[in-house]
Amino acid sequence: MIRAPQVRVVGADGHQLGIMSLQEAVRAAQQQGLDLVEVAPSAQPPVCRITNFDKFRYAQKKKTHDAHRKTGAGGVKEVKVRARTERHDIEFKVRHIRRFLGEGQRVKLSVFFRGREITHPELGQVVLQQIVQLVNDVAQTDGGARMEGRSMSVMLTPRA
Numbered sequence: 032m033i034r035a036p037q038v039r040v041v042g043a044d045g046h047q048l049g050i051m052s053l054q055e056a057v058r059a060a061q062q063q064g065l066d067l068v069e070v071a072p073s074a075q076p077p078v079c080r081i082t083n084f085d086k087f088r089y090a091q092k093k094k095t096h097d098a099h100r101k102t103g104a105g106g107v108k109e110v111k112v113r114a115r116t117e118r119h120d121i122e123f124k125v126r127h128i129r130r131f132l133g134e135g136q137r138v139k140l141s142v143f144f145r146g147r148e149i150t151h152p153e154l155g156q157v158v159l160q161q162i163v164q165l166v167n168d169v170a171q172t173d174g175g176a177r178m179e180g181r182s183m184s185v186m187l188t189p190r191a
């Protein structure tokens, strides 16, 4: 399926064989009992590798699968508390936050206000500061606390 008249050929061992005509490259691959696979079609001239095509396809599929799998790992977990949450419940939530951060995930810590609690956002600020202090050894904050409707939130990321 290679259409270019000349190609840059990389051998099975990874060394460059140079630029040659397509027929010469195919003949070199057949002599080794392997296939000529185009790996960089947009290059000038296109780059082809002498390799087993089935192994090449398997490696490509595995690479895309791994890349796809890693995208979900950097997700954001949200932990919600109220402005009047008791000490034990906060400690319980802190254990969850520590676990999420240990897995390499970012955590959005939100304090929700119900009813007239919204008139005292400083209570929510105090709760956020308490929790941030409890996880300060494993997390760092991305910016300060932000009000978003009836909730105040802060983003926590794992320390490097």
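Okay, so the sequence shown: first residue is 32 according to my numbering, each after it adds one. Heads up, the beta-carbon is just placed ideally off N, CA and C, and yes, glycines get one too. All values derive from a computational prediction rather than experimental measurement.
With 16 other Cβ atoms within 10 Å as the buried cut-off, status of residue i
| i | result |
| --- | --- |
| Ala-60 | buried |
| Gly-155 | buried |
| Ala-56 | buried |
| Arg-192 | Look at the range of the chain in this structure, 32 to 191, and you will see that residue 192 is not part of it. |
| Val-157 | exposed |
| Phe-84 | exposed |
Nearest-angstrom Cβ-Cβ length linking residue i and residue j, presumed shorter than 8 Å
| i | j | result |
| --- | --- | --- |
| Asp-66 | Thr-82 | 7 Å |
| Ala-170 | Thr-188 | 7 Å |
| Gln-37 | Leu-48 | That pair is no contact at about 13 Å. |
| Arg-181 | Phe-131 | Not quite, the Cβ-Cβ distance comes to about 24 Å (not below 8 Å), so this is no contact. |
| Ser-141 | Lys-111 | 5 Å |
Separation of residue j from residue i, as counted between CA atoms
| i | j | result |
| --- | --- | --- |
| Glu-179 | Val-125 | 22 Å |
| Glu-134 | Ile-162 | 19 Å |
| Thr-95 | Arg-88 | 11 Å |
| Ala-74 | Arg-39 | 9 Å |
| Arg-100 | Ala-191 | 22 Å |
| Val-41 | Gln-136 | 40 Å |
| Val-68 | Phe-123 | 55 Å |
| Met-183 | His-46 | 58 Å |
| Ile-128 | Gly-106 | 13 Å |
| Pro-76 | Lys-93 | 27 Å |
| Asp-173 | Lys-139 | 10 Å |
| Lys-86 | Met-32 | 18 Å |
| Glu-117 | Arg-147 | 18 Å |
| Leu-165 | Met-186 | 15 Å |
| Ala-35 | Ile-50 | 12 Å |
Opposing strand residues paired with residue i [DSSP bridges]
| i | result |
| --- | --- |
| Lys-108 | Val-138 |
| Pro-189 | Ala-170 |
| Gly-49 | Val-40 |
| Met-178 | Met-183 |
| Ala-71 | Val-78 |
Distance cut-off 8 Å: residue i Cβ against heavy atoms of the ligand PLP
| i | result |
| --- | --- |
| Gln-171 | The ligand PLP is not part of the structure shown, which contains no ligands of any sort. |
Every unbroken alpha helix (DSSP H) within the stretch 115 to 159, with a cutoff of 4 residues, ordered by chain = Fully enclosed alpha helix (DSSP H) runs of 4 or longer: 118 to 133.
Jot down the residue ranges of each uninterrupted beta strand (DSSP E) in the stretch 75 to 104, minimum 3 residues, whole runs only, in chain order.
-> If only complete runs of 3 or more residues are kept, the stretch 75 to 104 shows the beta strand (DSSP E) at 78 to 82, in order along the chain.
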